[in-house]
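Novice: Counting from 55, one number per residue, gives the positions in the sequence shown under this note's numbering. By construction, the Cβ of each residue, glycine as well, lies at the ideal position given by its N, Cα and C atoms. None of the values given here were measured: they were computed from a predicted structure.
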Amino acid sequence: MKGPLGVGIIGVGWQGGGHLRNLKALPQARVVALCDIDEARLKEQAEAFQVPHRFTDYHDLLACEEVEAVIIALPDHLHREPAVAALEAGKHVLLEKPMALSEADAEAIYEAAQRAPGRFMLNLSNRWMPAFAAAKQRLESGEVGEVRYIFARIANRIEVPTQRLPWLQRSHLAHWIGIHRLDIARWYIGREVVRVRAVERRGVLAQQGFDGADFFQATLEFEGGAVMSLEANWILPPSYPTLVDSRFWCLCERGVIDIDRSRSELAIAGPQAFDLATPLAGEALGQPYGFTLEALRHFVDCCLSGREPLVGAADGLALTRILCAIVR
Numbered sequence: 055m056k057g058p059l060g061v062g063i064i065g066v067g068w069q070g071g072g073h074l075r076n077l078k079a080l081p082q083a084r085v086v087a088l089c090d091i092d093e094a095r096l097k098e099q100a101e102a103f104q105v106p107h108r109f110t111d112y113h114d115l116l117a118c119e120e121v122e123a124v125i126i127a128l129p130d131h132l133h134r135e136p137a138v139a140a141l142e143a144g145k146h147v148l149l150e151k152p153m154a155l156s157e158a159d160a161e162a163i164y165e166a167a168q169r170a171p172g173r174f175m176l177n178l179s180n181r182w183m184p185a186f187a188a189a190k191q192r193l194e195s196g197e198v199g200e201v202r203y204i205f206a207r208i209a210n211r212i213e214v215p216t217q218r219l220p221w222l223q224r225s226h227l228a229h230w231i232g233i234h235r236l237d238i239a240r241w242y243i244g245r246e247v248v249r250v251r252a253v254e255r256r257g258v259l260a261q262q263g264f265d266g267a268d269f270f271q272a273t274l275e276f277e278g279g280a281v282m283s284l285e286a287n288w289i290l291p292p293s294y295p296t297l298v299d300s301r302f303w304c305l306c307e308r309g310v311i312d313i314d315r316s317r318s319e320l321a322i323a324g325p326q327a328f329d330l331a332t333p334l335a336g337e338a339l340g341q342p343y344g345f346t347l348e349a350l351r352h353f354v355d356c357c358l359s360g361r362e363p364l365v366g367a368a369d370g371l372a373l374t375r376i377l378c379a380i381v382r
């Protein structure tokens, strides 16, 4: 297929809007259509980025002949129907993580992807973070041997579930952020999880009227004997210096991999807060950069070349099964 690739975006909120900005930096892609139920937001985004077609029903976007690939950036609980419909319409699909919140929904998307002629990619963009990608290369070189144990922590400030994305009450923090570190662990270990033990606690969010767990801790055993301790929370206080906190510590046969998101090249002290502005993605001098852009570049390249994406439907199904076991 010759570029540029005609792309439609379903959902132009926080995540979808970010994809729209990033795609404008990729000459091999052209955003031709947007879809959102918020007509004011839809109009604003379409006019700001000069997108020719806008729809409030995703079926109409899928019927648009100029749309060759679809990015689905909807709330976690709304993934199944548009993903299956897009695949059945013959479109390439980039689906925001998680694939689904239930095994049945994930299986339906997986089966549709197996039947479809287009590429399917689950957007687990953390694989394109330089530190995680570099560590994967070191593991593949055999220098540090196989992974034996992983400790991973990931957290959000409390504003994410309570202010930015209140629909997260319909999801779970395992699906929302735990998936990122679980995906990296599967990628590094190269084997599947065979046993899960998990615990969660509630209380802090409930005081703010949010129905969801404050944190969870899970122990996961992999084929071959590797073990992972995974913990996540989304109740960091507003004063916490980063929106996302993360630590990934990996004990290997002959070495250690230590990736700490709290280490930052940029610290900003403002009149009311201190911020560690970790420059992993965003804009500099008016141009997007970073791991989120590189994940989109990979998807577009796969659509145009016919290559299989790095994160496919089989990964999404496996991750959903593990995450559902954690939530249970």
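#1: Near Tyr242, what residues of its chain come up, given a Cβ to Cβ distance below 7 Å and the 5 sequence neighbours on each side ignored?
#2: Using 8 Å as the cut-off, can you tell me whether the stretch 243-252 makes contact with the stretch 274-294, which would need three or more C-beta pairs spanning the two stretches below that distance?
#3: Looking at Pro106 and Pro81, is the spacing between their C-beta atoms short of 8 Å?
#4: Could you pull the start and end residues of the alpha helix (DSSP H) that Asn76 belongs to?
#5: For a test of the three-state rule: what should DSSP assign to Ser195, helix, strand or coil?
#6: Report all residues from its chain with a CB closer than 6 Å to the CB of Ala143; omit the five preceding and five following residues, and keep chain order.
#7: Taking Val310 as the reference, give the member of Gly199, Trp221 and Arg218 with the closest Cα.
#8: DSSP state of Arg218, grouped into three classes?
#9: For Leu74 and Leu347, what's the separation of their Cα atoms in angstroms?
#10: Less than 8 Å between the beta carbons of Leu236 and Ile376, yes or no?
#11: Tell me the rounded alpha-carbon separation between Ala83 and Val124.
#12: Based on Cα-Cα distance, which residue from Ala94, Gly70, Gly72 and Glu122 lies nearest to Val354?
#13: Which residue's Cα is closest to the Cα of Lys151: Leu141, Ala167, Ala127 and Ala139?
#14: Taking the alpha carbon of Ala94 as the reference point, which residue from Met183, Gly65, Val61 and Leu77 has its own alpha carbon closest?
#15: How many whole angstroms separate the CB atoms of Pro136 and Tyr112, which I take to be in contact at a CB cut-off of 8 Å?
#16: For a test of the three-state rule: what should DSSP assign to Ala187, helix, strand or coil?
#17: Which stretch, first to last residue, makes up the beta strand (DSSP E) that contains Asp299?
#18: I'd like to confirm the pairing. Which residues does DSSP put opposite Asp130 in its beta bridges?
#19: First and last residue of the beta strand (DSSP E) that includes Ser283?
#20: Between which two residues does the alpha helix (DSSP H) carrying Asp92 extend?
#21: According to the Cβ coordinates, are Arg256 and Ala272 closer than 8 Å?
#22: So what does DSSP say about Glu200, is it helix, strand or coil?
#23: How long is the line joining the alpha carbons of Met153 and Lys145, rounded to whole angstroms?
#24: To the nearest angstrom, how far is it from the Cα of Ala367 to the Cα of Arg301?
#25: Counting only the same chain and skipping the five closest in sequence on each side, list residues whose C-beta sits under 6 Å from that of Phe328.
#26: Just mark Trp182 as buried or exposed, buried being the case when its beta carbon has 16 or more other beta carbons within 10 Å.
#27: Taking its Cβ as the centre, do 16 or more other Cβ atoms sit within 10 Å of Thr110, making it buried, or is it exposed?
#28: Could you tell me the distance, in whole angstroms, from the CA atom of Met282 to the CA atom of Cys306?
#29: Tell me where the beta strand (DSSP E) around Leu176 begins and ends.
#30: In three-state DSSP terms, what is Leu347?
#31: Per DSSP, what kind of secondary structure is Val310 in: helix, strand or coil?
#32: Could you pull out every residue in the same chain whose Cβ sits closer than 7 Å to the Cβ of Cys378, ignoring the five residues on either side in sequence?
Specialist: Walking through what the data contain:
#1: Lys190, Leu193, Val201 and Cys304
#2: yes
#3: no
#4: Trp68 to Leu77
#5: helix
#6: Leu116
#7: Gly199
#8: helix
#9: 10 Å
#10: yes
#11: 12 Å
#12: Glu122
#13: Ala127
#14: Gly65
#15: 5 Å
#16: helix
#17: Val298 to Cys306
#18: Paired residue(s): none; Asp130 is not in a bridge.
#19: Val281 to Leu290
#20: It is not in any alpha helix (DSSP H) - Asp92 carries neither H nor E in the DSSP assignment.
#21: no
#22: coil
#23: 17 Å
#24: 27 Å
#25: Bear in mind that the predicted position of Phe328 carries a pLDDT of just 47, short of 50, making it too unreliable to give a figure here.
#26: buried
#27: exposed
#28: 12 Å
#29: Phe174 to Asn177
#30: helix
#31: strand
#32: Ser156 and Glu157
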